[in-house]
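These notes concern the structure reproduced below.
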Amino acid sequence: MRARWRHSYLDGYATPRLAKLAPNLVAACFPLMKLLPARFMLDRAEARGELMPGGHIVETTSGTFGLALALLAAVRGYRLSLVSADTLLDASLQRRLVALGARIEIVPDADKTGAQRARLARLEAIRSGHPEAWWPQQYDNPDNPRAYARLAELLVRTLGAVDCLVGPVGSGGSMCGTSAFLREVFPAMRTVAADTHRSVLFGHAAGSRLLRGLGNSLVPQNVDHSAFDEVHWVGGLQAFAATRRLHREHGIFAGPTSGAAVLVASWHARQHPDQLTVVILPDEGHRYQDTVHNDDWLLALPGWPAVEAAGPLELQHLAPLGEATWTCIAWQRRSLDAARRDFGDGLAPDALT
Amino acid sequence: MTNTRDGRRPGSNEGRLRVGTGRASAHHGELLQGVFEGADGRLHRGLITLPCPVFTSTATFWPRLGSGITTRPAGRDKASRAATLTLERLSLPQIGGELTIESTVPMGHGYGSSTADVVAAIRATAAAARVTLRQETVAALAVAAETASDPLAYEGLPVLFAQREGLLLELLGPAFPPLIIVGCNVAPDQPVDTLLTSPARYGSDEIETFRVLSGLARHAVAAGDARLLASVATASACISQRHLPKPHFDKLSDLARGTGACGLQVAHSGTLIGLLFDGAESHARRRAAEAASHLAAHGLLSVITYELGVEGTP
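These protein sequence lines are chains C and Y, in that order. Numbered continuously in UniProt numbering, the first sequence closes out at residue 353. Numbered continuously in UniProt numbering, the second sequence closes out at residue 314.
Structure representation (structure tokens):
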């Protein structure tokens, strides 16, 4: 009983508030969604004996998964080493992680792609020096998607049938997990990904990305491409505008990945007025006070203010476009290989450049 | 002892004993069966039973002084044990008697014949002692009498029940949504002994899926939505098919789709499959009748059609 009470404050981070954005659109707004898989992975590792009391956790992170681990490590008494990149971790989050007792290692990210490979190399170096350390492996650990049965449970308990699920994709855990569990009862449910240009998740070639917190520079095992009916690539400027609009119109102070997801979900809900769309909003806006939620920072961006797109440009080819654009492809539950074959090689066709 | 939590009247004694009668309805297998997290944070094996008032068991208890219970028909050991446990619970160990079971519940196919006898016996024994027992007490006595027990003590209420512990995990709502059930026995020559069937060993994904299924069952009952409840039953039946496969399952799945049923359910330790029709739908009775004649035409036996909470005359 004592343990349950001790963890109840953190439980709130992993429990979304459900907000109606339109008659047929519900947002699941998480204070810190990553706490849900982090807690589940830790619980399972403890139960399997992979993580002993007072043990050492190591992970590479772009931010919020690291924060979730740091909160849990602090409360449960584990040592924590995190590897991140200088483009990913802002100073105030880094201070918070250190205050929670985490040890942080930063690798340089000159080409602004997230330095995923350099981070993994650094992580391997730490692991070889600490072979007893437990690595959650959020990108490949099946307990990551499995954790989202709790979100699916909350949605069906509250809303009943869900016709369409929209959300940002990074590790694949939240979207592929929630979608798989919901499809146990609603096999026809549509699953729609929000990604960004030059993330490799859905077949773009890697490149510099303005929008962080979704997308990836490698393809995690937890991304099940065949789960998705539709994939959207939201440019950073469109995502930022949508994030600010979400705050202004609904009072929802969220991060830019949430803005990208709401942009796609609102459009989808307008296209399907007789269906219930649910959109996942993974975190709050506090981390972005000095950036996306700061007018001066936005005005310094080339191309800002962007003309807000009324809808996506529907493509027949995988084509990374500019940060002011929003594109989509009818993915139709293809594998990544099938999509590459059917939609081209990720280079922009001449007609679109 | 002055404990009255179970409804026992202080001061009751054998001097006031009389002939007691108790009754219990059968069920038609489960709408959902799996493992579920309880309020204690632990996982419990649990189920939601689909009531089937078509069949009933009636027990009559003739008390007499002196221990030992004989049953008619002879050899109803679980019912006899249930009566003994009830007398012990009522602090009447010096009482024995004769227990008569008259049951219309077919045995060994998943209708819960044994639990119906046990619950009827507990109620008859309590009635003989002029005592009213709480539903949870009846459920706990039933589990004690037969190791694993169905929640027939809850008289048709939609409950998520831990059948091996006799524990109510969740009361889902006041009543089931309106359902028309067309049931059949897919292997009438292969009766199942519930206690000899080893419990399913569920995988991690299945255990997490059960959260979603119980959550949706809760919503479906609260909203009176038969279609959603049938979606839960169908998903649960598909999981059951991986552990205790039933013959004709695919054929009946196709038939469910073809006849406009909104889902199907199975007796997880039995041989029953039921097609579920939304009782709130205008043509549900006609569709159910069509499905029943299809089942009979396929040579399936023990085809029954019954209604649960549907208003109007069948």
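For glycine and all other residues, C-beta sits at the position ideal for the given N, C-alpha and C.
- Item | Interface flag, Leu154 (chain C) vs chain Y, CB-CB below 9 Å | yes
- Just tell me which of C:Leu211, C:His232, C:Asp224, C:Thr325 has its CA closest to the CA of Gly255 (chain C). C:Leu211
- Message: Can you list, in chain order, the residues of its chain with a C-beta nearer than 7 Å to that of Gly237 (chain Y)? Leave out the 5 residues immediately preceding and following it.
- Response: Correcting the residue type first, residue 237 (chain Y) is Ala in the shown sequence and not Gly. The answer, listed in chain order, is Leu264, Gln265, Val266.
- What does Cys164 (chain C) pair with, by DSSP beta-bridge criteria? C:Arg190, C:Thr277
- Query: Smallest Cα separation from Gly156 (chain Y): which of Y:Ser204, Y:Leu272, Y:Val54?
  - Reply: Y:Val54
- Item | Which of helix, strand or coil DSSP assigns to Asn144 (chain C) | helix
- At a CB-CB cut-off below 8 Å, which residues of chain Y make contact with Glu184 (chain C)? Thr209, Val212, Leu213, Ala235
- For Phe240 (chain C), which three-state DSSP category applies? helix
- Message: Our contact map puts Met189 (chain C) next to Arg198 (chain C) with C-beta atoms below 8 Å; I'd like the distance itself, whole angstroms only.
- Response: Wrong, their Cβ atoms sit about 29 Å apart, outside the cutoff.
- How is the beta strand (DSSP E) around Ala230 (chain Y) delimited, first residue to last? Ala230 (chain Y) -> not in any beta strand (DSSP E); alpha helix (DSSP H) instead, spanning 226 to 243.
- Please go through the same chain and pick out, in chain order, the residues whose beta-carbon is closer than 7 Å to the beta-carbon of His44 (chain Y), but skip the five residues on each side of it. Val35, Phe36, Gly38, Ala162, Glu165, Leu167, Leu169
- Of all the residues that make up the stretch 158 to 174 of chain C, which are near chain Y by a beta-carbon distance shorter than 9 Å? Thr158, Leu159, Gly160, Ala161
- Item | Whole-Å CB distance - Cys262 (chain Y) paired with Asp278 (chain Y), under 8 Å assumed | 5 Å
- Min CB distance Pro305 (chain C) to chain Y below 9 Å: no
- Message: Pull the bridge partners of Glu170 (chain Y) from the DSSP assignment, please.
- Response: Y:Leu160
- Query: Just reading off the beta strand (DSSP E) that Gln33 (chain Y) is part of, what are its end residues?
  - Reply: 20 to 37
- Task: Using a Cβ-Cβ cut-off of 9 Å, state whether Arg6 (chain C) counts as contacting chain Y.
- Result: Reliability fails at Arg6 (chain C), whose pLDDT of 45 lies under 50, so the model's placement of it is uncertain and no value is given.
- Does any residue of chain Y bring its CB to less than 9 Å from the CB of Pro142 (chain C)? yes
- Look at the Cβ atom of Ala187 (chain Y), then the Cβ atom of Gly160 (chain C), and state whether they are nearer than 9 Å. no
- Look up Glu146 (chain Y) in the DSSP assignment and say whether it is helix, strand or coil. helix
- Item | Backbone CA spacing between Val303 (chain Y) and Arg134 (chain Y) [nearest angstrom] | 35 Å
- Please list, in chain order, all residues of the same chain as Gly77 (chain C) whose beta carbon is under 8 Å from its beta carbon, the five residues on each side excluded. Pro53, Gly54
- Message: What does the Cβ neighbour count give for Glu314 (chain C), buried or exposed, with the cut at 16 atoms within 10 Å?
- Response: exposed
- Write down the C-beta distance between Ala193 (chain C) and His232 (chain C) rounded to the nearest angstrom, noting that I regard them as a contact closer than 8 Å. 7 Å
- Message: As a quick exercise: from C:Ala28, C:Asn144, C:Ala227, pick the residue whose alpha carbon is nearest that of Ala19 (chain C).
- Response: C:Ala28
- Task: Let me know if Thr234 (chain Y) comes out buried or exposed under the rule of 16 or more other beta-carbons within 10 Å of its beta-carbon.
- Result: buried
- Straight-line Cα distance separating Ser253 (chain Y) from Ala74 (chain Y): 40 Å
- Within 9 Å (strictly less), CB to CB, does Ala256 (chain Y) reach chain C? no
- Task: For Arg218 (chain Y), go through chain C and note every residue whose CB falls closer than 8 Å to its CB, in chain order.
- Result: Arg157
- Report the three-state DSSP secondary structure of Lys78 (chain Y) (helix, strand or coil). helix
- Task: Give me the Cα-Cα distance between Thr259 (chain Y) and Arg227 (chain Y), rounded to the nearest whole angstrom.
- Result: 14 Å
- Task: Please state whether DSSP places Asp295 (chain C) in a helix, a strand or coil.
- Result: helix
- Comparing the C-beta of Ala149 (chain C) with each C-beta of chain Y, is any distance below 9 Å? yes
- Message: Going by DSSP, what residue range makes up the beta strand (DSSP E) through Val54 (chain Y)?
- Response: 43 to 65
- Would a C-beta distance cut-off of 9 Å place Leu276 (chain Y) and Ala256 (chain Y) closer than the cut-off? yes
- Task: Select from the stretch 65 to 81 of chain C all residues with a C-beta closer than 9 Å to any C-beta belonging to chain Y, and list them in chain order.
- Result: none
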